[in-house]
């Protein structure tokens, strides 16, 4: 057999040897241990994966099924240097080679998601499950000269099965599954030929199960699933010239999914003394809520000091409570359990429309059009802290009129005598995309692909945080006759009305992103064994954000409440209701990127086929905006209004080889990235703050598949990754003093934190202890001079004092924000040093048409960090995962029976962490894996 013919008998997975091993269908010749071929379109044309000179993983539907890769969250188990975790606001972070989505607000994903080559900014890769897919392709490295949207990290492309035109009759498949947690899965597809040139295909998926965790307060299980999805396609192919496919896909979820796992906190009671002076009744005002430290220790299962949160602080200042309402609270150690008076609510819906048309202008020239329209809606409501506190309200003074008997009636969280906080998120978006591409497929040395893309996405996001203590404080100020206090309108509605209430936090943005691009590649066969690819892309991004500033407990503004609203007029009333004027922010940026690839395919005496390649690629991702605030909102501010784009220079070399008569595949790649402007987020003073840093990234990836004897296969994938930040400094809100004994953290009345000198605070505690809460907003110059409270040592970063409804002339100029951490030498977040996967599979041929296949997969990743500060607070311990399947296949009858187990060792790692801001007490939200699952699946093909 010639090497050319032999290569075509290979199944090649350029970056995922596991997918090779998982192929269980008898697609190769009897007696052969040659690995079969898989054809992909990673470069927008059909090629054997082993011929593609890029790092790409591909999974057929059979391999997804055998490996139990049910959805996007499982992809990391079969691809080196890939990581995945859910994120705080309902999304996910899929990172490739250290590049993912650690930016919130108007930031974009570093890894772009496509369905049938159409980009989807809003998608359900982390929620929905794969069904009736032809394959899933994952490209690593910058993309843009072929794929729609720019992507610095890579691309995930889910390619669904199209209707089959020309079949004589109906065909399809149906699958039913039952497992633990009362898991029920029903999936299937049917292909209906209408005539020789038209066909319909309908596919659907239904998943329902009980919850993985418990709400220990209500006694209900939570984090269940109730998902439905269907896909209807119509295809017309009257001849070899025209091929049009129209697709509609609908996804719906309505259940108690936990958007976030357990909330961890090493409770901070505040220092008993400062500079040798007892803090006394002011002790809680020096607490930051939670202390830094490992989130794996027992003490991390405590609860935030409520006085260090804005809600708890106002409860104390308003006379609703006295002291920490979570004192002594401990939680169970199951990361999937919560304690809440209400179970989570999670709803999501998507409608995706696509028209994919191709016209073969000639035998060598094709015009392709790809039109996409994507609608998404989302809603979630859950406990903000996921605990029930230990203390009850003990109102005094005027607060007793607001909370009779200690019970606060809050329109959004209900009636209760304990501190309650909930958050609610709503999203509504639509996205249109149109791509036109002209490409050639000639037998000559030159070919090309050139195209243009227009996308426009519009979306409204609305994120609320409710607290009965905030409402009580607003109600207190609404009592008539209180001097020098302005009332705040309490929204009586749930769900809340649009930006009317001042008794809750509401971050709302209405954004439009328009992107225009032209791109293309030229392919030159320099010689029989040498090929050169050159690509260019020009992108123009335009973002407009109409953001409603945060107006939580903001002072007098636009209009008075209408008569009969229930608000008691205050003599000083000037209108504490309604939205502040929206802030319109406009951002535009253009960039030119490209790719240069050299591929060499020599005939070597010791391999069946070999490919060597070297690539340079320039990647780009647009910048965006930070959250604006109303100037009257206490402590709400962003340091900068926008953040800059990312630019990436990527260098890569690789080789793909078939050896030992085609029974061994051995592939390797090495890469080096020079990253400019890596985007990273943190939450500061109630708003997202996105920053930019530079970084260097390098790594190596090895994938291998070996079938030493017929039907016995092993696979291995290994990734080594080294990331290093090159510049920048940033304040770690969890550790503002950086251990400097001459500084102390102080709470402000708006919930934010600042730093002051230890000696100055000690003096203030002696002469004017009641002035402690005024430190962060600026003490009068006489007091400041007397105490030296702002005489900061070198290295402390300061900011202008924020003064609410008071002239700045009575305050000092700058307040200490903390000591910035030098980031040079730190690792990028979610970038384990190594990932490792190993699989083994054996197939028994019970008869000519019946096989029994046993398979096991092991995966492990190294330790990493959740934030750029690389502290013990940020540490993520490495973890492992074990899956196994036993599959009986009867080809003649089309019957397939599988017994499966996932996460067999029942690991419960922390896959990522989210640190909140000072006004919430610096708690840490966690994310974990799904627990051990097992069950049986029966599939019938017809």
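Numbering (my numbering), first residue to last: 76 to 1017. The beta carbon of each residue, even a glycine, is placed where N, CA and C say it ideally should be. Nothing here was measured: the structure is a model prediction, and the numbers come from that model.
* Got a sec? Which residues, its chain only, sit under 7 angstroms from residue 272 by beta carbon, not counting five neighbours each side? -> Here the question's residue 272 lines up with position 197 in the chain shown. Around residue 272: 240, 311, 312, 313.
* Is the stretch 386–403 in contact with the stretch 426–445, if contact means three or more CB pairs nearer than 8 angstroms? -> no
* Cβ shell of residue 691 (< 6 angstroms), same chain only, five flanking positions each side left out -> Locating residue 691 in the chain shown gives position 616, counting from the first residue. If we look at residue 691 and ignore the five residues flanking it on each side, its Cβ neighbours are 671, 726.
* Please report the residue range of the alpha helix (DSSP H) in which residue 190 lies. => Translated into the one-based positions of the chain shown, residue 190 becomes position 115. Run containing residue 190: none in the alpha helix (DSSP H); it sits in the beta strand (DSSP E), 186–190.
* Report yes or no: do three or more beta-carbon pairs, one from the stretch 715–724 and one from the stretch 676–689, lie closer than 8 angstroms? => no
* **Distance between residue 140 and residue 209 (C-alpha atoms, nearest Å)** => Stepping through the chain shown from its first residue, residue 209 is reached at position 134. Stepping through the chain shown from its first residue, residue 140 is reached at position 65. Taking the straight line joining both Cα atoms gives about 12 angstroms.
* Asked: Would you say the stretch 142–151 touches the stretch 171–183, given that touching needs at least three Cβ pairs under 8 angstroms?
  -> no
* Helix, strand or coil: which one does DSSP assign to residue 902? -> Your numbering for residue 902 matches position 827 in the chain shown. In the structure shown, residue 902 sits in coil (DSSP, three-state: anything other than H, G, I, E or B).
* Asked: Where does residue 134 land, buried or exposed, given buried means 16+ other C-beta within 10 angstroms?
  -> Counted from its first residue, the chain shown places residue 134 at position 59. Buried, by the Cβ-count rule.
* Could you have a look at residue 719 and say whether DSSP puts it in helix, strand or coil? => Position 644 of the chain shown, counting from 1, holds the residue named residue 719. DSSP places residue 719 in coil when its eight states are reduced to three.
* To do: Find the nearest neighbour of residue 380 within the set 612, 822, 1015, 582, judged by alpha-carbon distance.
  => Stepping through the chain shown from its first residue, residue 380 is reached at position 305. If we check each option's Cα against that of residue 380, 822 comes out closest.
* Apart from the five residues on each side of it in sequence, which residues of its chain come closer than 8 angstroms, Cβ to Cβ, to residue 106? -> Here residue 106 is taken as the residue at index 31 of the chain shown, counted from 1. Confidence at residue 106 is low in this model, with a pLDDT of 48, below 50, so the placement of that residue is unreliable and no value is reported for it.
* If you count every other CB in all the chains shown that lies within 10 Å of the CB of residue 566, and 16 or more means buried, which is it? -> One-based indexing of the chain shown puts residue 566 at position 491. Counting Cβ neighbours within 10 Å, residue 566 comes out buried, since at least 16 surround it.
* Starting from the N-terminal side, write out each stretch of the beta strand (DSSP E) that is 3 residues or longer and does not extend beyond the stretch 911–987. => 925–936, 954–965, 970–977
* Pair within 8 angstroms by beta-carbon distance, residue 991 and residue 964 -> Residue numbering aside, residue 991 sits at position 916 when the chain shown is read from its first letter. Residue numbering aside, residue 964 sits at position 889 when the chain shown is read from its first letter. It is not a contact, given that the beta carbons lie outside the stated cut-off.
* Which value, in whole angstroms, describes the spacing of the CA atoms of residue 517 and residue 439? -> On the chain shown, residue 517 is found 442 positions in, with the first residue counted as 1. On the chain shown, residue 439 is found 364 positions in, with the first residue counted as 1. Their Cα atoms are separated by approximately 5 angstroms.
* Closest Cα partner of residue 246 within the set 269, 255, 588, 678 -> What you label residue 246 is simply residue 171 of the chain shown in a count that begins at 1. For residue 246, the nearest C-alpha among the options comes from 269.
* Asked: Rounded C-beta distance between residue 768 and residue 943? I'm assuming under 8 angstroms.
  -> In the chain shown, the residue the question calls residue 768 occupies position 693. In the chain shown, the residue the question calls residue 943 occupies position 868. Right, their Cβ atoms sit about 7 angstroms apart.
* Report, in whole angstroms, the separation of the C-beta atoms of residue 146 and residue 188, which I expect to be a contact under 8 angstroms. => In the chain shown, the residue the question calls residue 146 occupies position 71. In the chain shown, the residue the question calls residue 188 occupies position 113. Actually they do not touch by this definition, with Cβ atoms about 12 angstroms apart.
* Residues of its chain near residue 978, where Cβ-Cβ distance is below 8 angstroms and the 5 sequence neighbours each way are ignored -> Residue mapping note: residue 978 aligns to position 903 of the chain shown, counting from 1. Contacts found: 956, 957, 958, 1004, 1005, 1006, 1007, 1008.
* Asked: Under three-state DSSP, which class holds residue 359?
  -> Within the chain shown, the letter at position 284 stands for residue 359. DSSP places residue 359 in helix when its eight states are reduced to three.
* Distance between beta carbons of residue 892 and residue 53, contact taken as under 8 angstroms -> As shown, the chain starts at 76 and ends at 1017. That puts residue 53 outside it, with no answer to give.
* Where residue 499 and residue 238 are concerned, what is the direct C-alpha to C-alpha distance, given to the nearest angstrom? -> Here residue 499 is taken as the residue at index 424 of the chain shown, counted from 1. Here residue 238 is taken as the residue at index 163 of the chain shown, counted from 1. Roughly 40 angstroms separates the two Cα atoms.
* Asked: Quick one: any contact between the stretch 460–472 and the stretch 521–533, if contact means 3 or more CB pairs under 8 angstroms?
  -> no
* Asked: Among 796, 1011, 1012, 1001, which has the Cα closest to the Cα of residue 910?
  -> Counting from one through the chain shown, the residue named residue 910 turns up at place 835. The option with the nearest alpha carbon to residue 910 is 796.
* To do: Please name the residue or residues paired with residue 502 in a DSSP beta bridge.
  => Indexing the chain shown from 1 puts residue 502 at position 427. Partner(s): 453, 536.
* Look at the alpha carbon of residue 825 and the alpha carbon of residue 994, and state the distance between them as a whole number of angstroms. => Here residue 825 refers to the residue found at position 750 when the chain shown is read from its first residue. Here residue 994 refers to the residue found at position 919 when the chain shown is read from its first residue. Straight-line Cα distance between these residues: approximately 7 angstroms.
* Asked: How would you call residue 899, buried or exposed, if buried means at least 16 neighbouring beta carbons within 10 angstroms?
  -> In the chain shown, the residue the question calls residue 899 occupies position 824. Its Cβ having fewer than 16 others within 10 Å, residue 899 is exposed.
* Taking three-plus beta-carbon pairs below 8 angstroms as touching, is the stretch 834–846 in contact with the stretch 854–868? -> yes
* To do: Pick helix, strand or coil for residue 813, following the three-state DSSP scheme.
  => Here residue 813 refers to the residue found at position 738 when the chain shown is read from its first residue. Residue state, collapsed to three classes: coil.
* Asked: For the stretch 359–371 against the stretch 444–462, are there 3 or more C-beta pairs whose distance is under 8 angstroms?
  -> no
* To do: List the whole-angstrom C-beta distance separating residue 1002 from residue 336, where the pair is believed to meet the contact cut-off of C-beta under 8 angstroms.
  => Against the chain shown, residue 1002 aligns to sequence position 927. Against the chain shown, residue 336 aligns to sequence position 261. Contact flag correct, Cβ pair sits at about 5 angstroms.
* DSSP three-state call for residue 880: helix, strand or coil? -> For the purposes of this step, residue 880 is taken as the residue at position 805 of the chain shown. With a pLDDT of 37 at residue 880, under the threshold of 50, the predicted position of this residue should be treated as unreliable, though the coordinate-derived value follows. Residue 880: coil per DSSP, three-state reduction.
* So, do the stretch 154–167 and the stretch 280–300 have three or more beta carbon pairs nearer to each other than 8 angstroms? -> no
* Cβ-based burial, residue 924 [other Cβ within 10 Å; buried from 16] -> Working through the chain shown from its first residue, we reach residue 924 at position 849. Exposed, since its Cβ has fewer than 16 Cβ neighbours within 10 Å.
* Between which two residues does the alpha helix (DSSP H) containing residue 389 stretch? -> Along the chain shown, read from residue 1 onward, the residue named residue 389 stands at position 314. First-last of the alpha helix (DSSP H) with residue 389: 385–392.
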